[in-house]
């Protein structure tokens, strides 16, 4: 593709020293530049691509896209000045990869909690319908038979567009993707034509380190519907809204104002997909719903209160796009184990161990409510809070932890650049003085997991919350391998061996 063709539709551009070369690729990271590439200088949260223009040129870039002109450029380099390089990145990415989202059924899921599990559920419904579907989210990106470990829940626009193109090349007809507030705010979903948008829920104490206020966070999430779904060129596009969420009215109002059709689900009497009842057992979850005065029951192998709503969103999606409920039921039974989401660790012990990604106040509350429904003898909770993240949720999580669990071990999560002891102190600040005897602080996460499992007796439940599927721990100066699930298995093995030796004595 010639440069002129690539940049033809860029809005409000100024071109200097045009060289109409054959473009071999596009990159926003100078380290990925090759001969005859276009380099787009974007400003991120930590780095400004404009500082790496010379590096990009030295690696073979023949054109640079900028929002501020560099002082000197070689005479054979084309310079394109635009107002917003983020928007331009998606514009030329779509041209280069032939607008792949136009050729896919694109389902976007946004909300504080439930995005990952909901994406797995809907992906399975589409696959069961005969629509080969890719996946983009927190745990991994799935393109055909290939899985790539995730770096961002919502990738940068160019990477996202390239993945969608690869999906079309691998005979995918659909894609389900998690849409994070960071992804919306940083324009990573620019130029994506969505068929549907799903709103799971929203918590008031999340990502405030980035968005500063809850109002900013709320309206960033809303922007997914009022801007990106609204601007989509797809026909028959829908918003699917959790009516039980505290802020659902804000999303409904936004959809109405934007002219977007919507479907609702929840316990609320006005829900199109109305939840009548649910039952959570060790075997899974059953939910009873009413749809157009018809009562239906669905079975799932997933556990937890949060998954009741994730399953509801799947039913609402199927209703919206006229997918049979037999297909939905088959799909539900195929979604068995989502890494780090209410994941049972079984190593022959006589008590339960659950690893879950819950790292918000509401997610932790729902997790402990779900565990309570299993009727354990005691609940032993191990959790911490991430460093360099919203601090206001820490005392709230401490308070709900000691009120709902029988015993709590407060430990490190991903402390990043913060002092782990300071994070623990912030959590402890929310614990009433009369409940402090129910908790202990063990900063070393490995030791905390071992201690929690060592305490467990027959029919107890040990809950390890916060990191879920993650296989690393981010410390101040280094990222180390660390997997809650593997550490739990090791601790169980040690405990069982110790008990065996004690029995022999």
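Numbering (the numbering used here), first residue to last: 25 to 529.
Built from N, CA and C at the ideal position, the CB exists for glycine as well.
Which residues share a DSSP beta bridge with residue i?
{"i": "residue 166", "result": "159 and 171"}
{"i": "residue 313", "result": "299 and 320"}
{"i": "residue 285", "result": "262"}
{"i": "residue 305", "result": "308"}
{"i": "residue 134", "result": "223"}
{"i": "residue 51", "result": "63"}
{"i": "residue 403", "result": "485"}
{"i": "residue 496", "result": "505"}
{"i": "residue 368", "result": "378"}
{"i": "residue 452", "result": "Beta-bridge pairing links residue 452 to no other residue."}
{"i": "residue 72", "result": "67"}
{"i": "residue 129", "result": "198"}
{"i": "residue 38", "result": "105"}
{"i": "residue 290", "result": "298"}
When burial is assigned at 16 or more other CB atoms within 10 Å of the CB, is residue i buried or exposed?
{"i": "residue 456", "result": "exposed"}
{"i": "residue 474", "result": "buried"}
{"i": "residue 502", "result": "exposed"}
{"i": "residue 179", "result": "buried"}
{"i": "residue 241", "result": "buried"}
{"i": "residue 269", "result": "buried"}
{"i": "residue 98", "result": "exposed"}
{"i": "residue 469", "result": "buried"}
{"i": "residue 280", "result": "exposed"}
{"i": "residue 362", "result": "buried"}
{"i": "residue 441", "result": "exposed"}
Please tell me whether residue i and residue j are closer than 8 Å, where the distance is taken between their beta carbons.
{"i": "residue 286", "j": "residue 276", "result": "yes"}
{"i": "residue 137", "j": "residue 266", "result": "no"}
{"i": "residue 381", "j": "residue 492", "result": "yes"}
{"i": "residue 437", "j": "residue 408", "result": "yes"}
{"i": "residue 379", "j": "residue 364", "result": "yes"}
{"i": "residue 33", "j": "residue 115", "result": "yes"}
{"i": "residue 142", "j": "residue 338", "result": "yes"}
{"i": "residue 124", "j": "residue 50", "result": "no"}
{"i": "residue 507", "j": "residue 404", "result": "no"}
{"i": "residue 311", "j": "residue 394", "result": "no"}
{"i": "residue 54", "j": "residue 40", "result": "no"}
{"i": "residue 366", "j": "residue 331", "result": "yes"}
{"i": "residue 106", "j": "residue 89", "result": "yes"}
{"i": "residue 145", "j": "residue 359", "result": "yes"}
{"i": "residue 282", "j": "residue 321", "result": "no"}
{"i": "residue 85", "j": "residue 74", "result": "no"}
{"i": "residue 324", "j": "residue 335", "result": "yes"}
Starting from residue i and walking both ways along the alpha helix (DSSP H), at which residues does that stretch end?
{"i": "residue 190", "result": "181 to 193"}
{"i": "residue 92", "result": "Segment: none, residue 92 is in no alpha helix (DSSP H) and carries neither H nor E."}
{"i": "residue 395", "result": "385 to 396"}
{"i": "residue 476", "result": "469 to 479"}
{"i": "residue 249", "result": "Run containing residue 249: none; DSSP gives neither H nor E here."}
{"i": "residue 105", "result": "Segment 102 to 105 is the beta strand (DSSP E) holding residue 105; no alpha helix (DSSP H) there."}
{"i": "residue 340", "result": "329 to 344"}
{"i": "residue 120", "result": "109 to 120"}
{"i": "residue 28", "result": "27 to 31"}
{"i": "residue 534", "result": "Since the first and last residues shown for the chain are 25 and 529, residue 534 lies out of range."}
{"i": "residue 205", "result": "205 to 209"}
Taking the C-alpha atoms as reference points, what is the distance between residue i and residue j?
{"i": "residue 480", "j": "residue 375", "result": "7 Å"}
{"i": "residue 307", "j": "residue 172", "result": "31 Å"}
{"i": "residue 423", "j": "residue 401", "result": "21 Å"}
{"i": "residue 421", "j": "residue 453", "result": "10 Å"}
{"i": "residue 410", "j": "residue 156", "result": "36 Å"}
{"i": "residue 317", "j": "residue 293", "result": "12 Å"}
{"i": "residue 447", "j": "residue 439", "result": "8 Å"}
{"i": "residue 128", "j": "residue 264", "result": "19 Å"}
{"i": "residue 26", "j": "residue 261", "result": "34 Å"}
{"i": "residue 48", "j": "residue 109", "result": "19 Å"}
{"i": "residue 122", "j": "residue 432", "result": "53 Å"}
{"i": "residue 235", "j": "residue 253", "result": "22 Å"}
{"i": "residue 295", "j": "residue 188", "result": "33 Å"}
{"i": "residue 271", "j": "residue 163", "result": "27 Å"}
{"i": "residue 214", "j": "residue 524", "result": "59 Å"}
{"i": "residue 435", "j": "residue 451", "result": "10 Å"}
{"i": "residue 222", "j": "residue 206", "result": "17 Å"}
{"i": "residue 526", "j": "residue 151", "result": "51 Å"}
Taking the continuous beta strand (DSSP E) assigned at residue i, which residues delimit it?
{"i": "residue 201", "result": "198 to 202"}
{"i": "residue 429", "result": "Careful: residue 429 lies outside any beta strand (DSSP E) and carries neither H nor E."}
{"i": "residue 376", "result": "376 to 380"}
{"i": "residue 352", "result": "Note, residue 352: premise wrong, no beta strand (DSSP E); alpha helix (DSSP H) at 349 to 358."}
{"i": "residue 503", "result": "503 to 505"}
{"i": "residue 144", "result": "Per DSSP, residue 144 belongs to no beta strand (DSSP E); it is in the alpha helix (DSSP H), 139 to 152."}
{"i": "residue 463", "result": "463 to 465"}
Hey, does residue i have any beta-carbon neighbour from chain C nearer than 8 Å?
{"i": "residue 393", "result": "As a matter of chain content, chain C is missing from the structure shown, which is built from one protein chain."}
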